[in-house]
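Reviewing the structure listed below.
Below, the structure is given as structure tokens:
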């Protein structure tokens, strides 16, 4: 079940969306799956609005992003209704942009949508094509109601944030630049 959730969140994969909606066996499944798929539309982020080459590079890089389950633990035992799935994702490592970002921060407050500067947009586009992957990991909790019902992620937020922060780290960097003193 993790794989379908990840394919929808990371890639917006339409086949995975249909399969996940069918497996969830709930009336709200299509809306839930559509909300998960919306998280995959990173190329529509406001900071990319004026940079179509950067948005296209994001779409292309997302195709190669992968998230895989590492293991499952059962806090209530194997017959319980909760499963915790540990996972890892291969996502772009954009830390090479940090020196330039320190000079060209993306503003996220004020009356205008966030926008990248031209030098940052060019470097970001190149990084989407050339940056190595880094491995990021986390845990998602899945729950079901009854022994014959489908597993559904309790809170997809951690995986959604992991992916979004890897592809679009600017908001997080504004909050706390890596290597800054606390």
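Residue numbers (full-length UniProt numbering): 1 to 182.
Virtual Cβ for every residue (Gly too), placed ideally from N, Cα, C.
Computed from a predicted model, the values in this text were never measured in an experiment.
Pair within 7 angstroms by beta-carbon distance, residue i and residue j
| i | j | result |
| --- | --- | --- |
| residue 97 | residue 127 | yes |
| residue 63 | residue 167 | no |
| residue 123 | residue 100 | yes |
| residue 10 | residue 153 | no |
| residue 65 | residue 87 | no |
| residue 36 | residue 169 | no |
Residue burial classification, residue i (beta-carbon count within 10 angstroms, cutoff 16)
| i | result |
| --- | --- |
| residue 119 | exposed |
| residue 181 | Residue placement at residue 181 cannot be trusted, given a pLDDT of 41 that sits under 50; the coordinates are not used to answer. |
| residue 139 | exposed |
| residue 129 | exposed |
| residue 92 | buried |
| residue 6 | buried |
| residue 121 | buried |
Where the alpha helix (DSSP H) through residue i begins and ends
| i | result |
| --- | --- |
| residue 64 | 52-64 |
| residue 120 | 118-130 |
| residue 166 | 157-167 |
Short CB-CB distance (under 7 angstroms) between residue i and chain B
| i | result |
| --- | --- |
| residue 76 | Looking at the structure shown, chain B is missing, and only one protein chain is on hand. |
Beta-bridge pairing of residue i - partner residues as DSSP gives them
| i | result |
| --- | --- |
| residue 82 | 143 |
| residue 135 | 90 |
Could you tell me whether the segment 23-31 touches the segment 146-160, using the rule of 3 or more Cβ pairs below 8 angstroms? Contact holds: three or more Cβ-Cβ distances are below 8 angstroms.
Is the segment 7-18 touching the segment 122-136 in the sense that three or more CB pairs, one from each, lie closer than 8 angstroms? No, they do not touch.
Three CB pairs or more closer than 8 angstroms across the segment 106-123 and the segment 159-176: Judged by Cβ distances under 8 angstroms, the segment 106-123 makes contact with the segment 159-176, as three or more pairs qualify.
Does the segment 33-49 come close enough to the segment 73-83 to have 3 or more Cβ pairs within less than 8 angstroms? Cβ pair count under 8 angstroms is below three, so no.
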